[in-house]
Amino acid sequence: MKTEEVDFLIIGSGVAGLRAAIELAPYGDVLVVTKDKPSESSTEYAQGGIAAVISDEDTVGIHLEDTLKAGDGLCNEEAVRTLVEEGTDRIMELISWGAEFDKEGLKLSLTLEAAHSRRRILHAKGDSTGKELERVLLNKTRSLASVRKYPFAITMDLIVHGNECHGAYVLKDAEVIALRAKATILTTGGAGQLFSRTTNPLVATGDGMAIAFRAGALLEDMEFVQFHPTSLYSPTAPQFLLSESMRGEGAVLLNICQERFMAAYHPMAELAPRDVVSRAIISEMVKTNSNHVYLDLRHMDKNFVKTRFPGIYGTCLHYDVDITEDLIPVSPAAHYIMGGVKTDLEGRTNLTGLYAAGEVACTGVHGANRLASNSLLEGLVYGARAGTAARHTAVLSRQSPEFTFSPSSIDGSEEIRRTLRKIMWEKTGIIRCGCSLEEARTSLAPYDHIIGKDYLLRHELELKNMLTVARIIIEAASRRKGSVGAHYRSDFKERGENWREHTLLDNGSFRFEGV
Ligand code: SIN
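Basically my numbering = 1-based index in the sequence shown + 813.
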C-alpha cells in the first residue's frame, strides 16, 4: 500500500478545517484531505451569517446568556464563554485577511435571528456569508506554502494503534493510501443527509462521526439534531434554505389558511428558538392537513428584499417563486447536529493524536439546541484552538500501518440510502417517541451487515457511514427519556433526569448486532 507521511492531517475543508490549517502552517507540512472539491462543504452554503459581539449595545455576557438559553441548560458554559470571548478577534482577523462583510455606511451591518436578544449577526453579500468565509480561508491557505490540499479523497478509516491515532487511510482514484501523521484533525462537518428533508449539501453524510466511532472515539449528544423551520417546499425545486434572517428582518409565517400562528406558541413569535418554531409548523401542518406553511415577505420593501437576500431571491425566482410578491411554501428540514465526537476545549478527543472541530465535534458549546449563526463562529474559534493544540502532538508511530482489507460491494445502495433517509425523517425527526425509535431500529437492522464491511467506492463508504451514524442517533434518542432542546419525545414531554452519561456512546458501550 502506498504510504505518505505528513506532519498534520486535516480531514475536511470547511471553516474549521481551513482555520486549523492556517494555525498549523508555520509548524510543519499540512495536508487537507477532502472527499469532494475543497469548496464543497456546509460552510459554502451558510446563508444567515456569523454571530459575534460587535455592536456597542452587545456584550460577551449577553451573547453567552443567549447561547446558554438556546442550549436549554445543556451547554458547557466554559465552551460557550471561550466561543464568545475569542469570537470577535477571530472575525477581525478574518477581515484583515480580506473578508468583506456587509456594511451600513462605515459600520458593519448586523442582523437578528431567532433567540438573539441583540443584533449581532454579520453577513456578506446579503445571504452568502458562508461562501465569503470559504473564499477568504481558501485564499489564505493558498498563500501558505506548507498547506497542501488533497481533493476527491475520501477517508475510509483512521490509523489507530491502541489508544493513539496515527493518520488515516484514504481512497483516491480507487487506490488506498495510508497517510501517516503526527496529529489528525477531523473537520468533516455534519450529517444532514441522513434525513430525507435537509438543508445540508450532499457531502454531509456523517463520515467523521462514523470513522471516529469505529476507531474508538466517544460520541456525545447525538440525539440533538436541529431542524431548521424554513426550507423551500416544492415538488419541482430542490430543498433550499430560507434563512432565518428573513424572519429577523420582518418576514412572518402563515398557515395554509393564511393566518399567522407563531404568537400562539411563543412570546417571541417568529423569532422563537428553532425547535419551538419547527414544532409549531408541524402542528399547523397537522391541523390544516397540509405538508407546508408559508413564509411571507410581501409586506416588506421589494428593493430591500432583493438587495438583502439576493441569493435566495435569485434561486426562488428560478423556481417561479418571486419572494417579493408570492407566498413561499416552506417546511422544516434537518439542518445541524449539536452532538459529535466528544472533545475538550482544545479539540482533543479520547484518542491521543486525534482532534475534532466544527460540526463533527461536540465541545458542548451548543447544548441541546444551537443558537443561530454560532456555528461558523465555532468553526473559526475551535478550528484555531484545535490547530494550536495539535502542533504540540507528536505521535508518529514507527510501526508501519497494517490494513487488512477485503472490499465488498452493496447491491441497491441508492434504494437503501433513500429508505434510510425516509426512516430517519419519519421516525427520528422533529417529534420522536419510544415506538417510532424502535421502528427505526427494526427497519434499519437488515442493513447492519453493511456497517462491518470495507468498500472501494465513495457512495458505498458514505452509505456505511450514514447507517452507522443513523444507528447511533437512534440509540442516543432512545436512551434520553425526556424532552429537551431539539430532542422532543411525545412519550416523555418533561425533561426528566440528566441522561447525558447514558447517551455517551463508543464502540465498547454500543455494538451493532450482526457486525
Ligand atoms: C440561517 O440562515 O437561517 C441559518 C443560520 C444558521 O443555521 O446558523
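All C-beta atoms in this analysis are idealised placements derived from N, C-alpha and C, irrespective of residue type, glycine included.
{"Asked": "Own chain partners of Glu-945 with C-beta closer than 8 Å, once the 5 adjacent residues on each side are dropped", "Found": "Ala-912, Glu-913, Phe-914, Ala-937 and Lys-938"}
{"Asked": "Distance, Gln-860 Cα to Thr-1011 Cα", "Found": "15 Å"}
{"Asked": "Where Asp-1267 falls: helix, strand or coil (DSSP)", "Found": "strand"}
{"Asked": "Counterpart residues of Cys-978 in DSSP-defined beta bridges", "Found": "Val-973"}
{"Asked": "Residues whose Cβ lies closer than 5 Å to any heavy atom of the ligand SIN, in chain order", "Found": "Gln-860, Gly-861, Ser-1056, Glu-1057, Ala-1185 and Ser-1186"}
{"Asked": "Status (buried if at least 16 other CB within 10 Å, exposed otherwise) for Pro-1080", "Found": "exposed"}
{"Asked": "Residues of its chain near Ser-868, where Cβ-Cβ distance is below 8 Å and the 5 sequence neighbours each way are ignored", "Found": "Leu-923, Arg-931, Arg-932 and Arg-933"}
{"Asked": "Three-state secondary structure (DSSP) of Arg-1245", "Found": "strand"}
{"Asked": "Same chain, Cβ closer than 7 Å to Ala-779, neighbours up to 5 away in sequence not counted", "Found": "This structure cannot settle anything about residue 779, because the visible part of the chain is limited to 814 through 1328."}
{"Asked": "Segment contact, 8 Å Cβ cut-off, at least three pairs: the region 1275-1290 with the region 864-883", "Found": "no"}
{"Asked": "Local conformation of Phe-1040 per DSSP, three classes", "Found": "strand"}
{"Asked": "Other residues of its chain near Ile-1244: CB distance less than 6 Å, five sequence neighbours each side excluded", "Found": "Tyr-1301 and Ser-1303"}
{"Asked": "Residues that DSSP places opposite Phe-914 in a beta bridge", "Found": "Bridge partners of Phe-914: none, in fact."}
{"Asked": "Sequence-distant residues of the same chain with beta carbon closer than 6 Å to Glu-1033, five excluded per side", "Found": "Gly-1152, Lys-1155, Cys-1175 and Leu-1317"}
{"Asked": "Backbone CA spacing between Ala-1093 and Leu-831 [nearest angstrom]", "Found": "37 Å"}
{"Asked": "Between the CA atoms of Arg-903 and Trp-910 - distance to the nearest angstrom", "Found": "11 Å"}
{"Asked": "Presumed contact (8 Å Cβ cut-off) between Gly-825 and Leu-1189, rounded CB distance", "Found": "With 8 Å as the limit, Gly-825 and Leu-1189 do not qualify as a contact, their Cβ atoms being about 14 Å apart."}
{"Asked": "Beta-carbon proximity list for Val-850, same chain, < 7 Å, skipping 5 on both sides", "Found": "One detail in the question is off: residue 850 reads as Lys in this sequence, not Val. So the list reads Pro-964, once near-sequence residues are dropped."}
{"Asked": "Rounded C-alpha distance that separates Gly-1029 from Ala-1147", "Found": "27 Å"}
{"Asked": "Contacts around Leu-984, its chain only, beta-carbon distance under 6 Å, and the 5 residues preceding and following it disregarded", "Found": "Ile-967 and Met-969"}
{"Asked": "Cα-Cα separation between Ile-1095 and Leu-1270, rounded to whole angstroms", "Found": "38 Å"}
{"Asked": "CB contact flag (Leu-844, Arg-955, <7 Å)", "Found": "no"}
{"Asked": "Thr-1165 to His-974 span [Cα, whole Å]", "Found": "10 Å"}
{"Asked": "Buried/exposed call for Ile-1150, threshold 16 Cβ in 10 Å", "Found": "buried"}
{"Asked": "Whole-angstrom distance between Met-1035 and Tyr-982, CA atom to CA atom", "Found": "25 Å"}
{"Asked": "Where Phe-1117 falls, given that 16 or more other Cβ within 10 Å makes a residue buried", "Found": "exposed"}
{"Asked": "Reduced DSSP category for Cys-1129 - H, G, I as helix; E, B as strand; rest coil", "Found": "helix"}
{"Asked": "Own chain, CB closer than 7 Å to Cys-1070, minus 5 neighbours either side, in chain order", "Found": "Thr-1101"}
{"Asked": "Unbroken beta strand (DSSP E) run spanning Ala-996, endpoints", "Found": "988-999"}
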